[in-house]
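Working notes, beginning with the structure itself.
Numbering (my numbering), first residue to last: 749 to 1052.
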């Protein structure tokens, strides 16, 4: 019994010694680590110190304001270098708000609605003797040929409610005697026959819904109408005129055949306008066009 007891004590004691040794080793390791390993605060402090020593503080940039003074001469020289004309203010009339411009715009409205020959009977007195009419298909027409052609068509009689619905009147910035504006023709073909003395195209009640067109009027120094341009379409996809403007657009809307631009159309314009001269004319003879008009094209030539 004595030996058995002693053996049992010895084994237990040995086991206990191993446990005590293990715990002591762990404690020693933890103590050593704590003694020689810096804390998080110490590490952070050291890193901050190192970074502060290594960091180069940038010199703050002070915003600078550069004042550039450009003279009119320098600006004009710069524009001229690009082939542009410098803007000048020599003419105070070149302003939609000036008294002169307002009066010219009102005069334009009066001629358009009441004296043009297209939307109303014409007033020959408002036209200059050097007057020229031009459109995409028709022109140039001098004063006499234009007024005779308007009388032959008498569109305002065939379409009694015709209305240009004009808007956007403005003075040309390069010519204070020129007024630009847009129209969008409307009306109903329910009046007298169109070209009653020749074609005699009967009214059919069709409605005209025009596309936007660009018009312009130029006045001479006596405030007479010197030039009228019409029918240049801004959006051919609007309305029911097949993208055509002026009288040709109206013809399309009411179903009056108009020849497509080409050899046949150009021949017919030439034959009726220069050979037999039976109205309405497409253009005036070259010798009858005012000298100030320099373009050599006639009818749709040079445009379509």
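C-beta: ideal position from N, C-alpha, C; glycine also.
Cβ neighbour criterion (16 or more within 10 Å) applied to residue i
i, result
"residue 1008", "exposed"
"residue 875", "buried"
"residue 882", "buried"
"residue 1051", "exposed"
"residue 961", "buried"
"residue 907", "buried"
"residue 1019", "exposed"
"residue 1023", "exposed"
"residue 893", "buried"
"residue 1042", "exposed"
"residue 1001", "buried"
"residue 890", "buried"
"residue 995", "buried"
"residue 863", "buried"
"residue 886", "buried"
"residue 1028", "buried"
"residue 946", "exposed"
"residue 1026", "exposed"
Residue i, DSSP secondary structure in three states
i, result
"residue 852", "helix"
"residue 919", "strand"
"residue 1023", "helix"
"residue 1004", "coil"
"residue 1029", "coil"
"residue 926", "strand"
"residue 942", "strand"
"residue 937", "coil"
"residue 901", "helix"
"residue 985", "coil"
"residue 813", "Residue placement at residue 813 cannot be trusted, given a pLDDT of 45 that sits under 50; what the coordinates show is reported in the next sentence. DSSP places residue 813 in coil when its eight states are reduced to three."
"residue 999", "helix"
"residue 1036", "helix"
"residue 859", "helix"
"residue 806", "Reliability of the predicted coordinates at residue 806 is poor, the pLDDT of 46 falling under 50, and no value is obtained from them."
"residue 871", "coil"
"residue 846", "coil"
"residue 906", "helix"
"residue 894", "helix"
"residue 787", "Confidence in residue 787 is poor, its pLDDT being 48 and thus under 50, which makes the residue's placement too unreliable to answer from."
8 Å Cβ cutoff met for residue i and residue j
i, j, result
"residue 895", "residue 870", "yes"
"residue 844", "residue 919", "yes"
"residue 973", "residue 912", "no"
"residue 1011", "residue 880", "no"
"residue 952", "residue 937", "yes"
"residue 1006", "residue 1015", "no"
"residue 957", "residue 987", "yes"
"residue 943", "residue 901", "yes"
"residue 979", "residue 888", "no"
"residue 928", "residue 964", "yes"
"residue 865", "residue 933", "no"
"residue 1032", "residue 1017", "no"
"residue 1040", "residue 878", "yes"
"residue 867", "residue 904", "yes"
"residue 954", "residue 1003", "yes"
"residue 971", "residue 855", "yes"
"residue 930", "residue 982", "yes"
"residue 935", "residue 968", "no"
One or two residues paired with residue i in a DSSP bridge
i, result
"residue 887", "According to DSSP, residue 887 bridges with nothing at all."
"residue 913", "None; residue 913 has no bridge partner."
"residue 949", "942"
Limits of the unbroken alpha helix (DSSP H) element including residue i
i, result
"residue 977", "Unbroken run through residue 977 is the beta strand (DSSP E), 973-981; no alpha helix (DSSP H)."
"residue 1042", "Careful: residue 1042 lies outside any alpha helix (DSSP H) and carries neither H nor E."
"residue 1011", "1011-1018"
Continuous beta strand (DSSP E) stretch holding residue i: start and end
i, result
"residue 932", "No beta strand (DSSP E) holds residue 932; DSSP gives it neither H nor E."
"residue 879", "875-882"
"residue 967", "961-967"
"residue 956", "955-957"
Cutoff 8 Å: residue i Cβ touching any chain C Cβ
i, result
"residue 875", "Considering every chain present, this structure includes no chain C. It has just one protein chain."
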